[in-house]
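Here the sequence shown stands for residues 13 to 107, numbered as in this note's numbering.
Glycine is no exception: its CB is placed at the ideal position from the N, C-alpha and C atoms.
Heads up, the thing below is written out as structure tokens.
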Amino acid sequence: MLVAVGLPATVKEIMDTWTLQMGFPLINVTSDYNTSGAVVSQERFLLRKDPSSTDTHVYRWWVPLTYTSGGSLVRQTQWLSKDQATKTINNQATT
């Protein structure tokens, strides 16, 4: 059933990362000019980081990444999983 709707995990597993932990992800996208792709990373957003914090929880979310590449109007979607701090997206127009 998951393949039929294009989800990498159950809706419960995806939503648990958004509803059962504090905060929200800060998503960074960096162009990789060598591969014409991008590196996407996630970290917990904090307005002010407390250097004395002893929190050791790894905050990660399931995040859908929808994008176009190579001048194409066709949208593509990949997922940044709760187990990934970073993901490399290759230029789909050249692969």
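>> Quick check for students: name the residue ranges of the beta strand (DSSP E) that lie wholly in the stretch 59 to 103, counting only runs of 3 or more.
In response: 75 to 79, 88 to 92, 98 to 101
> Taking all protein chains shown into account, do 16 or more other C-beta atoms lie within 10 angstroms of the C-beta of residue 54, making it buried, or fewer, making it exposed?
Replying inline: buried
> Between the beta-carbon of residue 57 and the beta-carbon of residue 37, is there less than 8 Å?
Replying inline: yes
> Since residue 52 and residue 99 are thought to touch, with beta carbons under 8 Å apart, how far apart are those beta carbons, to the nearest angstrom?
Replying inline: 5 Å
> DSSP on residue 22, reduced to helix/strand/coil?
Replying inline: coil
> Just curious, the beta strand (DSSP E) that residue 54 is in, first and last residue?
Replying inline: 49 to 56
>> Using C-beta distances below 7 Å, list every residue in its chain close to residue 42, excluding the 5 sequence neighbours before and after it, in chain order.
In response: 50, 51
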